[in-house]
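Residue numbers (our numbering): 92 to 224.
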């Protein structure tokens with residue numbers, strides 16, 4: 092995937108069916124020259140992941156695409172709030188352009204947890220959460 096992205100710096104939208112990376116590979120991928128090149132040069136603004144992703148997979152993809160504005164994925168239920176915390180973190184330079192996140196197949200319970208989390212953390216004054224059945 093990274094090698095392909097090296098040759099497509101002007102791509103604005105990308106869609107993955109699934110991400111298959113072994114846990115032991117993450118660090119070597121992030122430290123590779125091709126990863127840094129893609130991260131520095133790609134213009135991907137919209138990303139869709141059709142399958143459930145872990146926090147670690149999302150961290151890798153967000154680092155790879157630091158100009159991301161719109162992000163759509165299905166999140167691992169156990170890591171839901173950790174993923175949201177990562178995406179909304181003010182200290183995360185890679186998510187500073189992100190303004191829209193769509194969570195596929197999120198339960199109403201997850202969305203209530205998200206609303207509670209946003210209020211407790213005082214993250215936003217103006218935001219909208221919709222449950223689309």
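Just so it is clear, CB atoms sit at the ideal spot from N, CA and C, and this is done for glycine as well.
Between residue 167 and residue 142, the C-beta spacing is not below 8 Å.
Excluding sequence positions up to five before and after residue 191, its CB lies within less than 8 Å of the CB of 160, 161 and 162, all in the same chain and listed in chain order. If you draw a straight line from the Cα of residue 177 to the Cα of residue 171, it comes to about 10 Å. Excluding residues up to 5 positions away in sequence, 107 and 164 lie with their Cβ nearer than 6 Å to the Cβ of residue 140 in the same chain. Here residue 202 really is in contact with residue 220; their C-beta atoms are around 6 Å apart, less than 8 Å. Within the model, the alpha-carbon separation for residue 179 versus residue 187 is close to 9 Å. When beta bridges are read from the DSSP output, residue 193 appears opposite 163.
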